[in-house]
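One structure is given below, encoded as structure tokens.
There are 2 protein chains.
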Amino acid sequence: MTCPLKTDPEQRPLLGLAEAGELAGLFEVLASATRVRLLHALMTMDDPCMSDLAAAVEMKAQAVSNQLRKLVDLGVLDTCRHGNHIHYRIVEPCVTNLLHQGLCINEDQVLRKVGYS
Amino acid sequence: MTCPLKTDPEQRPLLGLAEAGELAGLFEVLASATRVRLLHALMTMDDPCMSDLAAAVEMKAQAVSNQLRKLVDLGVLDTCRHGNHIHYRIVEPCVTNLLHQGLCINEDQVLRKVGYS
DNA sequence: CTTCTAATACACTGATTCATGTAATAGACA
DNA sequence: TGTCTATTACATGAATCAGTGTATTAGAAG
Chain A
1295 MTCPLKTDPE
1305 QRPLLGLAEA
1315 GELAGLFEVL
1325 ASATRVRLLH
1335 ALMTMDDPCM
1345 SDLAAAVEMK
1355 AQAVSNQLRK
1365 LVDLGVLDTC
1375 RHGNHIHYRI
1385 VEPCVTNLLH
1395 QGLCINEDQV
1405 LRKVGYS
Chain B
1295 MTCPLKTDPE
1305 QRPLLGLAEA
1315 GELAGLFEVL
1325 ASATRVRLLH
1335 ALMTMDDPCM
1345 SDLAAAVEMK
1355 AQAVSNQLRK
1365 LVDLGVLDTC
1375 RHGNHIHYRI
1385 VEPCVTNLLH
1395 QGLCINEDQV
1405 LRKVGYS
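Going down the list, the sequences are from chains A and B.
So for the first sequence, my numbering puts the first residue at 1295; every next one is plus one.
So for the second sequence, my numbering puts the first residue at 1295; every next one is plus one.
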């Protein structure tokens, strides 16, 4: 969890559009309450399948499937079929780390505003 | 930058909608290439005003002002007027930490996909 | 083969976002 | 005061996103 940057962010040249876009894309994964809850559920539960996750977040199967599909496409999740059930797991440690960091921030200070709008 | 969570994320109950929303709102701040570049510029430059930032990211003043306004409303930035110029600075260390973390992730591994779409 | 269930694919809709253009505000300076 | 500059406010339009409903696929079980 420690993070020694080779280059001090204060000293490197300004972020280019491409690099900033990649970074923003990474954060975008966690910029949705539904995805945050799903990813947290994936960290918490033991080898859940789609319907487990849908039940956990109390949402319709299609909505959950939509989000899981996106996360798979982005390489964040991986799937594994067992009979009729498809199980998901996180394969991108970046996302876990960032979510962990976010939970940490949220733990000891209440954010001023709830939503970003 | 170290982050010892009091409660292990694997053991806490599932994130509620409100808490997940707050967390997602935090990540949303960094989920835009423009905002990432602006925040990085704010970390890099010395007491920049709006037009400095607009020049740095090569965007129109209005677009930059829109984003800065949002960041101010969210409590991420603070402003200080000096004559005709309005200067901005980051007052929310969470965001700096997260951006730092993101830069770190981006440094030693190329993300698979560029955008989230 | 038939039927049932789990999950996904697809089209659709309402909401949101971002940059733009125009107009208005705030201060500097003559 | 009048004017210039820097910045913001507001409305507009294109693009994107999230969730819903319907239809379809993949496998299990009779």
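A virtual CB, placed ideally from N, CA and C, is assigned to each residue, including glycine.
- Query: Taking DSSP as the reference, what is the three-state secondary structure of Met1337 (chain A)?
  - Reply: Met1337 (chain A): helix per DSSP, three-state reduction.
- Give a yes or no on whether the minimum CB-CB distance between Ala1348 (chain A) and chain B is below 8 Å. Interface residue (Cβ-Cβ distance to chain B less than 8 Å): Ala1348 (chain A) is not classified as such.
- chain B contact residues for Val1330 (chain A), given Cβ-Cβ distances below 7 Å: Per Cβ cutoff of 7 Å: Leu1309, Ala1314, Leu1317 and Ala1318.
- Query: Taking the alpha-carbon positions, what's the Ala1314 (chain B) to Asn1360 (chain B) distance?
  - Reply: Straight-line Cα distance between these residues: approximately 26 Å.
- Query: Mind checking if Thr1373 (chain A) is an interface residue toward chain B, Cβ cutoff 8 Å exclusive?
  - Reply: no
- Message: Between Asn1360 (chain A) and chain B, is the shortest Cβ-Cβ distance under 8 Å, so that the two count as touching?
- Response: For Asn1360 (chain A), the answer is no, since every Cβ of chain B falls outside 8 Å of its Cβ.
- Query: Going by DSSP, what residues sit across from Arg1375 (chain A) in a beta bridge?
  - Reply: A:Ile1380
- For chain A, is any of its Cβ atoms less than 8 Å away from the one on His1381 (chain B)? no
- Message: Using a Cβ distance threshold of 8 Å, determine whether the region 1381–1400 of chain A contacts the region 1328–1336 of chain A, with at least three qualifying pairs required.
- Response: yes
- Message: Taking beta-carbon pairs under 8 Å, can you tell me which members of the region 1386–1400 of chain A lie near chain B?
- Response: Cys1388, Asn1391, Leu1392, Leu1393, His1394, Gln1395, Gly1396, Leu1397, Cys1398, Ile1399 and Asn1400
- Query: Which residue from A:Arg1331, A:Ser1345 and A:Cys1374 puts its Cα closest to that of Leu1397 (chain A)?
  - Reply: A:Arg1331
- With 8 Å as the threshold, decide whether the Cβ of Ser1345 (chain B) is near any Cβ in chain A. no
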